[in-house]
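Undergrad:
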Amino acid sequence: MTMKRVLAVLLSLIAVASTPTSVAKTEPGPWHYDIVATNFWVGEVLDPNADDGSQEISAYDNAWMAHYGGCDGIVDAHGVCGFEYRSADNGFFPRHVTARQNPFYLDLPLEDQAVMQHRWVQLQKDGHTCYGQVEDAGPAVYDDRDYVLGTARPKNTRFNGAGMDVSPALYGCLGFTAGPDAASDKVNWRFVDASDVPAGPWTRIVTGSEPIASRGDAP
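Read left to right, the sequence shown gives residues 1304 to 1522 (the working numbering).
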């Protein structure tokens, strides 16, 4: 069992007794440049045989899909949660589910709930600037502190050396063009404090500020 699943199980045991804490003040930067960003979405099952192959849970929430509101994509006739392209006309929000958490989410390869969960990230690509919250760990690597909190390049060697996954909302906002199964789009990114995040579609719902009931154990 991977650390991702172990942590998810532990979270289910303590969720009733615990309450979220505010994220500490984060100084901007350092910038990370030309980082390969792949795509993921709540409800995606990348590999049903892999311990970390499902986005129905996250490193920080054992019922992520339920708490989010369902599949952050399109469910086909076979019940598979697939990718959904987004557009600016509705703020890049999903059209087939009512999101109860921020659709502008991403993961980074450091599994540390106290340091990472709900943390804000500024992302840039080809003149587009968007913001999102860290809600999972990955891709593929879960202990890359030198990259995530330092200035090293990602140590991941899978998925073209990807250093993060981004949600469909961020995919659309950043103007990705390579396709959801590609691993060639690149971004620049850095951490920013919540107080430095400008208003935008990414602030319509802020994960971590929604009612406690939606963050506890799934009904």
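Every residue, glycine too, gets a C-beta built ideally from N, C-alpha and C.
Could you give the residue range of the beta strand (DSSP E) that holds H1381?
TA: Counting along the chain, H1381 falls outside any beta strand (DSSP E), and DSSP gives it neither H nor E.
Undergrad: Is it buried or exposed, S1336, if we count other Cβ atoms within 10 angstroms and call 16 or more buried?
TA: It is worth fixing the name first, because residue 1336 is Tyr in this sequence and not Ser. With fewer than 16 Cβ atoms within 10 Å of its Cβ, Y1336 is classed as exposed.
Undergrad: Terminal residues of the continuous beta strand (DSSP E) containing C1433?
TA: Note, C1433: beta strand (DSSP E), H1431 to A1440.
Undergrad: Give me, in chain order, the residues of the same chain whose beta-carbon lies closer than 8 Å to that of R1493; leave out the 5 immediate sequence neighbours on both sides.
TA: If we look at R1493 and ignore the five residues flanking it on each side, its Cβ neighbours are P1331, G1332, P1333, W1334, H1335, V1424 and Q1425.
Undergrad: Using DSSP with H/G/I as helix, E/B as strand and the rest coil, what is T1341?
TA: In the structure shown, T1341 sits in a strand (DSSP, three-state: E or B).
Undergrad: State the start and end residues of the unbroken alpha helix (DSSP H) segment that holds R1493.
TA: First-last for R1493: K1489 to V1495, but that is the beta strand (DSSP E), not the alpha helix (DSSP H).
Undergrad: Would you kindly report the start and end of the unbroken alpha helix (DSSP H) that includes L1473?
TA: Taken as a continuous stretch (DSSP letters only), the alpha helix (DSSP H) holding L1473 covers P1471 to C1476.
Undergrad: Can you list, in chain order, the residues of its chain whose CB lies under 7 Å from that of R1507, leaving out five sequence neighbours each side?
TA: So the qualifying residues of the chain are G1394.
Undergrad: In whole angstroms, what separates the C-alpha of P1483 from that of G1511?
TA: Straight-line Cα distance between these residues: approximately 27 Å.
Undergrad: Buried or exposed: where does D1468 fall if 16 or more other Cβ atoms within 10 Å of its Cβ makes it buried?
TA: Buried is the call here.
Undergrad: For E1438 versus Y1474, is the C-beta spacing smaller than 8 Å?
TA: Not in contact: E1438 and Y1474 (Cβ atoms no closer than 8 Å).
Undergrad: Determine the extent of the beta strand (DSSP E) in which Y1298 is found, giving its start and end residues.
TA: Limits of the chain in this structure are 1304 at one end and 1522 at the other, which puts residue 1298 out of reach.
Undergrad: In chain order, what residues of the same chain have a beta carbon less than 8 Å from the beta carbon of F1396, not counting five sequence neighbours either side?
TA: Within the same chain, F1396 has close Cβ partners R1389, A1402, P1406, A1472, P1504 and R1507.
Undergrad: Which term fits V1400, buried or exposed, when burial requires 16 or more other beta carbons within 10 angstroms of its beta carbon?
TA: So V1400 counts as buried.
Undergrad: What separation, rounded to the nearest whole angstrom, lies between the Cα atoms of M1368 and N1342?
TA: Roughly 16 Å between the two C-alpha positions.
Undergrad: Helix, strand or coil for L1316, going by three-state DSSP, please let me know.
TA: Any reading at L1316 must be qualified, since the residue scores a pLDDT of 45, below 50, and its modelled position is unreliable; the value itself is stated next. L1316 falls in the helix class under three-state DSSP.
Undergrad: For the alpha helix (DSSP H) containing W1367, list its first residue and its last residue.
TA: First-last of the alpha helix (DSSP H) with W1367: W1367 to Y1371.
Undergrad: Kindly indicate the opening and closing residues of the alpha helix (DSSP H) around Q1425.
TA: Counting along the chain, Q1425 falls outside any alpha helix (DSSP H), though it belongs to the beta strand (DSSP E) covering W1423 to K1428.
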